[in-house]
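Numbered according to my numbering, the sequence shown spans residues 2 to 85.
Virtual Cβ for every residue (Gly too), placed ideally from N, Cα, C.
Please read the structure below before turning to the comments.
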Amino acid sequence: MYSQDILATLSMLNHLSNNDLEEILNDDGRFEEIDNDIKQHKILEATKQVECQLDGESESLENLDIDDIEKLRKKRLQEMKKVH
(Lines of atoms letter the chains of each structure in order from A and count residues from 1; the text may use other names and numbers.)
(Lines give C-alpha, C1' and ligand atoms only; values in the text may rest on other atoms or scores of the structure.)
Protein backbone atom coordinates (compact mmCIF):
# COMPACT_ATOMS: atom_id res chain seq x y z
CA MET A 1 0.00 0.00 0.00
CA TYR A 2 1.24 3.49 -0.78
CA SER A 3 1.90 5.97 1.99
CA GLN A 4 -0.13 9.18 2.17
CA ASP A 5 2.96 11.17 1.11
CA ILE A 6 3.35 9.17 -2.08
CA LEU A 7 -0.35 9.42 -2.88
CA ALA A 8 -0.28 13.19 -2.33
CA THR A 9 2.75 13.51 -4.60
CA LEU A 10 1.19 11.37 -7.31
CA SER A 11 -2.02 13.37 -7.22
CA MET A 12 -0.07 16.61 -7.63
CA LEU A 13 1.94 15.23 -10.57
CA ASN A 14 -0.76 13.10 -12.21
CA HIS A 15 -1.95 15.79 -14.63
CA LEU A 16 1.52 16.45 -16.06
CA SER A 17 2.65 15.12 -19.43
CA ASN A 18 5.83 13.09 -19.90
CA ASN A 19 7.55 16.18 -21.28
CA ASP A 20 6.52 18.19 -18.22
CA LEU A 21 7.83 15.48 -15.91
CA GLU A 22 11.11 15.26 -17.80
CA GLU A 23 11.47 19.05 -17.60
CA ILE A 24 10.96 18.92 -13.84
CA LEU A 25 13.56 16.19 -13.42
CA ASN A 26 16.12 18.10 -15.49
CA ASP A 27 15.54 21.48 -13.83
CA ASP A 28 16.75 21.56 -10.21
CA GLY A 29 14.90 24.80 -9.50
CA ARG A 30 11.63 23.42 -10.81
CA PHE A 31 12.16 20.15 -8.92
CA GLU A 32 12.73 22.09 -5.68
CA GLU A 33 9.58 24.13 -6.39
CA ILE A 34 7.53 20.94 -6.73
CA ASP A 35 9.16 19.54 -3.59
CA ASN A 36 8.25 22.71 -1.67
CA ASP A 37 4.66 22.52 -2.96
CA ILE A 38 4.41 18.94 -1.71
CA LYS A 39 5.81 19.92 1.69
CA GLN A 40 3.34 22.81 1.94
CA HIS A 41 0.51 20.43 1.06
CA LYS A 42 1.61 18.02 3.80
CA ILE A 43 1.81 20.86 6.34
CA LEU A 44 -1.66 22.05 5.35
CA GLU A 45 -3.10 18.55 5.74
CA ALA A 46 -1.46 18.12 9.15
CA THR A 47 -2.76 21.53 10.21
CA LYS A 48 -6.28 20.55 9.17
CA GLN A 49 -6.07 17.35 11.22
CA VAL A 50 -4.87 19.23 14.30
CA GLU A 51 -7.60 21.83 13.84
CA CYS A 52 -10.28 19.12 13.69
CA GLN A 53 -8.87 17.49 16.81
CA LEU A 54 -8.82 20.81 18.68
CA ASP A 55 -12.36 21.60 17.54
CA GLY A 56 -13.53 18.26 18.94
CA GLU A 57 -11.75 18.84 22.24
CA SER A 58 -13.12 22.36 22.46
CA GLU A 59 -16.64 21.09 21.86
CA SER A 60 -16.18 18.47 24.58
CA LEU A 61 -15.06 21.16 27.03
CA GLU A 62 -18.01 23.36 26.12
CA ASN A 63 -20.39 20.52 26.98
CA LEU A 64 -18.99 20.00 30.50
CA ASP A 65 -21.23 20.84 33.40
CA ILE A 66 -20.16 21.95 36.90
CA ASP A 67 -20.01 18.37 38.21
CA ASP A 68 -17.75 17.28 35.33
CA ILE A 69 -15.42 20.22 35.94
CA GLU A 70 -15.25 19.41 39.65
CA LYS A 71 -14.41 15.76 38.85
CA LEU A 72 -11.62 16.89 36.52
CA ARG A 73 -10.26 19.26 39.16
CA LYS A 74 -10.18 16.50 41.80
CA LYS A 75 -8.56 14.06 39.39
CA ARG A 76 -5.82 16.54 38.52
CA LEU A 77 -5.21 17.32 42.19
CA GLN A 78 -4.78 13.60 42.87
CA GLU A 79 -2.38 13.27 39.93
CA MET A 80 -0.35 16.24 41.18
CA LYS A 81 -0.14 14.70 44.67
CA LYS A 82 1.20 11.46 43.15
CA VAL A 83 3.94 13.35 41.29
CA HIS A 84 5.14 15.21 44.39
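Per-residue DSSP class, three states only, for residue i
{"i": "residue 17", "result": "coil"}
{"i": "residue 4", "result": "coil"}
{"i": "residue 85", "result": "coil"}
{"i": "residue 56", "result": "helix"}
{"i": "residue 38", "result": "helix"}
{"i": "residue 69", "result": "helix"}
{"i": "residue 28", "result": "coil"}
Continuous alpha helix (DSSP H) stretch holding residue i: start and end
{"i": "residue 65", "result": "Note, residue 65: premise wrong, no alpha helix (DSSP H); not H, not E."}
The ligand PLP heavy atom lying under 7 Å from the CB of residue i
{"i": "residue 30", "result": "In terms of ligand content, the structure shown is empty, and the ligand PLP therefore cannot be addressed."}
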